[in-house]
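Take a look at the structure set out below.
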Amino acid sequence: MAPFSSLPMFACTFYLVLSLRIFQGIARYHHHHNRHSHSHRGSQISTPPSYPPSPPPEICCNNGTFDVRMLGAVGDGITDDTEAFKTTWDITCGTHSGVLLVPYGYTFMIQPTIFTGPCKNGFVFQLNGTLTPPDGPDLWPANNSRRQWLVFYRVDEMSLQGGGLIDGRGAQWWALPCKPHKGANGTIIREPCDSPIAIRFFMSNNLTVQGIKMMNSPQFHLRFDNCKNVHIESIHISAPALSPNTDGIHIENTNNVGIYNSVISNGDDCVSIGSGCYDVDIRNVTCGPGHGISIGSLGNHKSRACASNITVRDSVIKNSDNGVRIKTWQGGSGAVSGVTFDNIHMENVRNPIIIDQFYCLAKDCANHTSAVRVSNVQYSGIKGTYDIRSPAMHFACSDSIPCTNITLSDIELLPDKGDVMLDPFCWSVYGELHTLTIPPVSCLLQGLPGLLLETQLGYCWPGLKSRNSHSHPPPLSTRAGCHPPCGPHCLVQEWGGALYNLICKKSSLTKFTFFKENNNLNPINFSRNTHKIQLLRK
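Those letters in the sequence shown? Residues -19 to -1, 1 to 519, by mature numbering (1 follows the signal peptide of the UniProt record, and there is no 0).
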């Protein structure tokens, strides 16, 4: 009888542990409710359908795992499970090596929410089930931002992992009349309107996203802003080929990023790299359909943009509008440099290799002489087939800020259909061939362009974030190892051989002249009607 007499005591103990866990979670939620930004409507269905009974959730196992059902998440895809997720987040966030478990076989509907750190080290968001937002703009909370759905803010040392699914339910958002729609006869451009990014990490470091699946985001699927040390591995992103603005992965002001062994198909860029990004490594990514892997767009609204030390290698791009692309707006400033595209296979890609410094989403973009400078870009081992509607290689560079140090080697691109091979297009691009290419390239300019105005070259250095035109650079002496006549007001990003010798090495030089090409520059005191600037060397 002894074993049976111990049962009441065991049951009482279990009940007390369960009650304590729930009480702690609720108390933590009320204490930290301001950690989350959230508002939502109630469910539109008063009587949810019945489901077969499921086994009771684990409250907390030995390894610190917290099942979201512990605090009331239902997982029927209809009930609003936001509060349960927020409370479970707070408990797990305060636990060393805590695991927030989204269990397999359940679909959880969550309203737009900001999950806020800092959390204790080793936090894991284990996604085995499915997450969905409200279905379409009509059910989106009226007083909540439409620019993002789930945000992870100031969360370091976090892993988002598992074999589960994030379904953005984007179809109704794509159909909004303000969205750009691409049809058989080209693209109809309308004014943009807000649609939520599915998952956004903001000001977070040492992140891992691994194994998850994402589909049908209203806008970008996965975005990183102001983050550092990001590892993305073995994820799968999908959306229809004509879904607007559904970029797979976008990074902005984020550095030390690795994107590996992933598959992305969507209606926009598979991977897009914005301003302020450096030390980016992309390897073994299968992309398409979509718009390829892009650096940019950069320099919109006359902004200063910088991106450097970017490598894309060992990847496949298929049935895509573009392959590897650098795109910048006229009127911007800054620089893209230190870019390598290596060992990339193209399958029926319309523009396999493209630099476009005249990027524009309308037909009436104004012409400007300033531009984001593009230099030191290497293309090697790029092979496959292209759509004959466009040349295999397209280099459209700024007249005033030409592309420089563009190198090509081991390029073999053949028409996907027919025998017609279009000549590559070149405009204001300086570079060289390390090997013969298919198709042959004979339009690269040799050497380097003449002297440019210092303000035309822009300035960039590691760690620079996006800046507007009124930002002040640090003293040039900290970046160039010499003191040019114009002192700290120089905005030179790279010292071309001629310019470097002119300013830094020829000590006997007493003065030199920069020739002015437009009236929109204001680097040092000079009249708008002046056509040259004389700078005296101290």
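Even for Gly, the Cβ is constructed at its ideal location relative to N, Cα and C. On a predicted model such as this, the values are computed, not experimentally measured, just so you know.
Cβ-Cβ distance between residue i and residue j below 9 Å
i	j	result
Thr94	Thr69	no
Leu395	Tyr360	no
Asp137	Pro99	yes
Val293	Ile336	no
Lys194	Ile147	yes
Ser284	Gly315	yes
Asn386	Asn357	yes
Pro225	Lys160	yes
Ile325	Ser275	no
Ser176	Gly151	yes
Cys441	Ser253	no
Nonlocal neighbours in the same chain, by C-beta distance under 7 Å from residue i, ignoring five residues either side
i	result
His272	Asp249, Asp250, Ser301, Asp302 and Asn303
Gly143	Gln107, Leu108, Asn109, Gly192 and Ile193
Ser379	Gln338, Ala352 and Ser409
Gly312	Gly280, Lys283, His349 and Ser351
Leu401	Here residue 401 is Val; the residue named in the question, Leu, does not match the sequence. Answer for Val401: Ile369, listed in chain order.
Asn187	Asp137, Glu138 and Asn210
Val55	Asp62
Reference residue i, options the options, closest by Cα
i	options	result
Ser243	Ile213, Cys258 and Asp262	Ile213
Asp116	Gln129, Lys67, Ile59 and Gly86	Ile59
Leu414	Thr111, Met402 and Gly428	Gly428
Gln200	Gly277, Ala123, Trp155 and Val190	Trp155
Asn236	Thr113, Gly86, Cys258 and Ile325	Cys258
Ile298	Asp323, Lys101 and Ser126	Asp323
Val211	Thr189, Ser224 and Val358	Thr189
Asp57	Gly86, Gly75 and Leu108	Gly86
Asn265	Tyr241, Ile363 and Val317	Tyr241
Ser185	Arg127, Val317 and Phe104	Phe104
Tyr340	Asp404, His282, Phe205 and Asn187	His282
Thr88	Ile216, Asn44, Ile254 and Val49	Val49
Cys384	Leu403, Thr309 and Cys441	Thr309
Ala377	Gly149, Gly45 and Leu426	Leu426
Pro114	Leu342, Ile178 and Gly45	Ile178
Leu120	Phe96, Gln153 and Thr97	Gln153
Distance between residue j and residue i (C-alpha atoms, nearest Å)
i	j	result
Ala65	Val261	36 Å
Arg135	Ala373	43 Å
Ile291	Ile245	19 Å
Cys424	Ser409	9 Å
Pro333	Asp391	14 Å
Ile232	Ala352	21 Å
Pro158	Lys344	20 Å
Val238	Asn207	12 Å
Lys67	Leu112	14 Å
Cys287	Cys346	22 Å
Met196	Pro430	46 Å
Arg354	Lys209	25 Å
Gly269	Tyr411	30 Å
Ser296	Phe205	22 Å
Ile216	Gly53	29 Å
Thr267	Ile72	38 Å
Gly277	Met51	44 Å
Thr76	Pro84	19 Å
Leu417	Gly362	12 Å
Pro421	Pro405	8 Å
Thr321	Phe183	27 Å
Gly74	Asn44	In the sequence under discussion, the amino acid at residue 74 is Cys, which differs from the Gly named in the question. Spanning the two alpha carbons is a distance of roughly 14 Å.
Cβ neighbours of residue i in the same chain (closer than 6 Å, five flanking residues each side left out)
i	result
Thr227	Ser198, Ala220, Asn247, Gly248 and Asp249
Asn102	Glu138
Ile419	Glu393
residue 585	This structure does not reach residue 585, given that the chain is present from -19 up to 519, and the question cannot be answered.
Leu403	Pro372
Ile218	Met195, His202, Gly229 and Ile245
Anticipated Cβ contact below 8 Å, residue i with residue j, distance rounded
i	j	result
Ile91	Leu131	7 Å
Gly110	Gly145	5 Å
Gln129	Arg181	5 Å
Phe133	Leu82	At roughly 17 Å, the Cβ-Cβ gap does not stay under 8 Å, so Phe133 and Leu82 are not in contact.
Leu279	Val305	Contact doesn't hold; Cβ gap of about 15 Å is too wide.
8 Å Cβ shell around residue i - same chain, five flanking residues per side excluded
i	result
Thr366	Met327, Glu328, Asn329, Val330, Leu394, Leu395, Pro396 and Asp397
Gly399	Ile369
His375	Asn332, Ile334, Ile335, Ile336, Asp337, Pro405 and Phe406
is_contact[residue i, chain C] using C-beta, thresh 9 Å
i	result
Pro383	In summary, chain C is missing from the structure at hand, where a single protein chain is found.
Residue i CB to nearest heavy atom of the ligand GTP below 8 Å
i	result
His77	The ligand GTP is not part of this structure, which contains no ligands at all.
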